[in-house]
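**Student:** Just so you know, the sequence shown maps onto residues 17 to 424 in the numbering used here. Glycine included, C-beta positions come from ideal geometry on N, C-alpha and C. Predicted model only: the values in this text are computed from it and were never measured.
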Amino acid sequence: MNPFWNYLFEASIGTALVWLVYILIFRGLTFFGWNRFFLLAGMLISILMPLIEVPLFPNNTLPGRDIIYSFNKLEVAIRDSTTFSSAWNPLLMQVILYAYFGVAALRISVFGIGTISLFQKIRNAKEKKLQEIGIYMHPDFKPASFFNKILMPSFEPDNNLHYQIFLHESAHVRLKHSWDLLGLHLIKSIFWINPFVYLIERNVREVHEFQADRKVIQQIAFKDYCQLLVNNLSQSSNSHLINSFNQFQIKNRIVMMNKRRSTNENKWKYFIGIPLLVLVLGLFSLKMTGQEDNVTGTWLGSDFEFTLNEGPDLKELIEGGKNLHVDGKLILNQNNTYQILDPTGTMNGKGKWKLESKNLKLTSQDGHVVAYQIEEISNAKMITSHQVSMETPEGTISGTIRLTYVKR
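Next comes the structure, spelled out in structure tokens:
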């Protein structure tokens, strides 16, 4: 599977697990702050974890590469998307990939235009301040909060209903709920094909309402506030970044406000559920063969450089070694065996290979060991160097061979 689509699949599985754990274990609890943290942190972990590669068997890994932050592999996946599958038309795969990102760009653009339009309305709205919070009044506004602002069609501080709405929206402002929605909308725009992102966003908005409702009923009568919610049931908002006063089912909110608070003994579910979720999501990062996916394959010599340290410069001998390296192949298998083929395809050596520190060690069948120092390695290229010494009638030749391999 193409790395980018594989990443989307793994991220989708992760968000699905986050949502299921929340629904099955945490949603019924009244620890709203904990639930908010779980949903947001779980979402972030589920989309970042597949980008981190942790080798399960690090025996053949290079130092400093035990954990590889592979954000750049997404760029490689996009750039090389035409290698999707030999069974698919590369042009079709490229069109699909561009279409996917086109939709993401369109969603972000529409969101940006809507936000700019909202700012323009705020600029033209009348402003009042209460408890150091700006209240912006415009005929097009429904009661809502937007970052550090409260939006209302009108507001009179002495009006009891207006004041109750203010208390609710000011809770959203003080708890900085709009920042949650901003991050969720950007994630939703990129992962627009993932249904669990929408479900998690809905649950986060629900938790926001529960948190704000709890703040209100600490100051006014529960019965009066419930009547206010029922009276304003039909109002809603279309903006992605604002917490509308009546965005979710009133019944659920009333039930949750009337529910007895969860006891502290129930917090053990978080201390078990959250680490367990992180552990499961971490399985996406494990590579069963360590970093062998960066090493194994057929490596074709492409660039030969011989630096003479001492001895006569025997050009013919060096040229022969150059042809063997440049046109030959080094085949590294996942079972840690290797073969060396000369330019004609004839077997020129075989044995076992192993990565130790920054050295690729080849041990031939007769026990002869050659250590190649790895100067650079990636999924597509490996640069090695090794010291050679040989006796000739003209004298001892000693030098360094530096070779660039390209994976085939």
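1) With a CB to CB cut of under 7 Å and the five nearest residues on each side skipped, what residues in its chain are close to C242?
2) Should M398 go down as buried or exposed, given a rule of 16 or more other Cβ atoms within 10 Å for buried?
3) Where do the ends of the alpha helix (DSSP H) carrying G222 lie?
4) Using 7 Å as the threshold, is the C-beta distance between L316 and R424 below it?
5) Looking at C-alpha atoms only, which residue of L297, K137, R221 is the closest neighbour of L60?
6) Using the Cα positions of N325 and T360, report the straight-line distance between them to the nearest angstrom.
7) Using CA coordinates, which residue listed in V34, I181, R218 is at the minimum distance from Q235?
8) On the DSSP letters alone, give me the boundaries of the alpha helix (DSSP H) that A32 sits inside.
9) Taking 8 Å as the threshold, find out whether the segment 282-290 comes into contact with the segment 45-54 through three or more Cβ pairs.
10) Quick one: grab the DSSP three-state call for L376.
11) May I have the straight-line CA-CA distance separating K377 from E407, to the nearest angstrom?
12) Can you tell me which of the three DSSP states G289 falls into?
13) Please look up how many angstroms separate the CB atoms of T353 and K366, rounded, as I've assumed it's under 8 Å.
14) Alpha carbon to alpha carbon, how far is K285 from F42? Give it in angstroms, no decimals.
15) How about L376: is its C-beta nearer than 7 Å to some C-beta of chain B?
16) Give me the residue from E217, V220, S186 with the minimum Cα distance to K231.
17) May I have the straight-line CA-CA distance separating R221 from M109, to the nearest angstrom?
18) State whether the segment 136-150 contacts the segment 113-125, with contact taken as three or more CB pairs (one from each stretch) at a distance under 8 Å.
19) Note the first and the last residue of the continuous beta strand (DSSP E) segment covering S414.
20) For Q180, does the three-state DSSP call read helix, strand or coil?
21) Just how far apart, CA to CA, sit T416 and N395?
22) Are S318 and V422 touching if we call contact CB-CB under 7 Å?
23) Pick helix, strand or coil for T131, following the three-state DSSP scheme.
24) Nearest to K275 by alpha carbon, out of Y38, I29, G44?
25) Going along the chain, which residues of its own chain have a beta-carbon closer than 6 Å to the beta-carbon of K267, five neighbours each way excluded?
26) Ignore the nearest five residues each way along the sequence and tell me which others in E172's own chain have a CB closer than 7 Å to its CB.
27) Tell me where the alpha helix (DSSP H) around L357 begins and ends.
28) Under DSSP, the beta strand (DSSP E) around K142 begins and ends at which residues?
29) For the segment 261-285, list the alpha helix (DSSP H) runs that are entirely contained and at least 4 residues long, ordered along the chain.
30) Give me the Cα-Cα distance between F48 and L371, rounded to the nearest whole angstrom.
31) Can we say the segment 189-196 touches the segment 157-176, given the rule of at least three CB pairs closer than 8 Å?
32) Comparing alpha-carbon positions, which option in Y114, L197, Q227 lies nearest R277?
33) Going by DSSP, name the residue or residues bridged to L245.
34) Should A32 and F212 be called a contact, given that it needs their Cβ atoms to be closer than 7 Å?
35) Per DSSP, which residues does I399 bridge with? Please list them.
**Tutor:** Working from what's here:
1) Within the same chain, C242 has close Cβ partners I270.
2) Taking a 10 Å sphere around the C-beta of M398, we find 16 or more other C-beta atoms and assign the residue as buried.
3) According to the sequence shown, residue 222 is Glu rather than Gly. Where E222 is concerned, the enclosing alpha helix (DSSP H) stretches over 211-233.
4) Result yes, Cβ atoms of L316 and R424 sit closer than 7 Å.
5) Of the candidates L297, K137, R221, L297 places its Cα closest to the Cα of L60.
6) CA-to-CA, the gap between N325 and T360 works out to about 30 Å.
7) If we check each option's Cα against that of Q235, I181 comes out closest.
8) Boundaries of the alpha helix (DSSP H) around A32: 19-37.
9) Cβ pair count under 8 Å is three or more, so yes.
10) Secondary structure at L376: strand, using DSSP grouped into helix, strand and coil.
11) Roughly 23 Å between the two C-alpha positions.
12) In the structure shown, G289 sits in a helix (DSSP, three-state: H, G or I).
13) With a Cβ gap of about 7 Å, T353 and K366 count as contacting.
14) The alpha-carbon separation between F42 and K285 amounts to approximately 8 Å.
15) No chain B appears in this structure, which consists of one protein chain only.
16) Distances from the CA of K231 to each of E217, V220, S186 were compared; the closest alpha carbon is that of S186.
17) Going by the C-alpha atoms only, they are around 36 Å apart.
18) No contact exists between the segment 136-150 and the segment 113-125.
19) From DSSP, the beta strand (DSSP E) with S414 extends over 411-423.
20) If DSSP states are grouped into helix, strand and coil, Q180 belongs with the helices.
21) Cα-Cα distance, rounded: 25 Å.
22) At the C-beta level, S318 and V422 come within 7 Å of one another.
23) Residue state, collapsed to three classes: helix.
24) For the options Y38, I29, G44, the alpha carbon positioned closest to that of K275 is the one of G44.
25) Correct list: empty, nothing qualifies.
26) So the list reads H178, once near-sequence residues are dropped.
27) No alpha helix (DSSP H) holds L357; the beta strand (DSSP E) holding it covers 353-357.
28) Taken as a continuous stretch (DSSP letters only), the beta strand (DSSP E) holding K142 covers 142-146.
29) Counting whole runs of 4 or more residues, the segment 261-285 contains the alpha helix (DSSP H) stretches 266-274.
30) Looking at the two C-alpha atoms, the distance is approximately 50 Å.
31) Contact holds: three or more Cβ-Cβ distances are below 8 Å.
32) Ranking Y114, L197, Q227 by Cα distance to R277 puts Q227 first.
33) DSSP lists no beta-bridge partner residue for L245.
34) Yes, they are a contact pair.
35) For I399, the beta-bridge partners assigned by DSSP are E392, T420.
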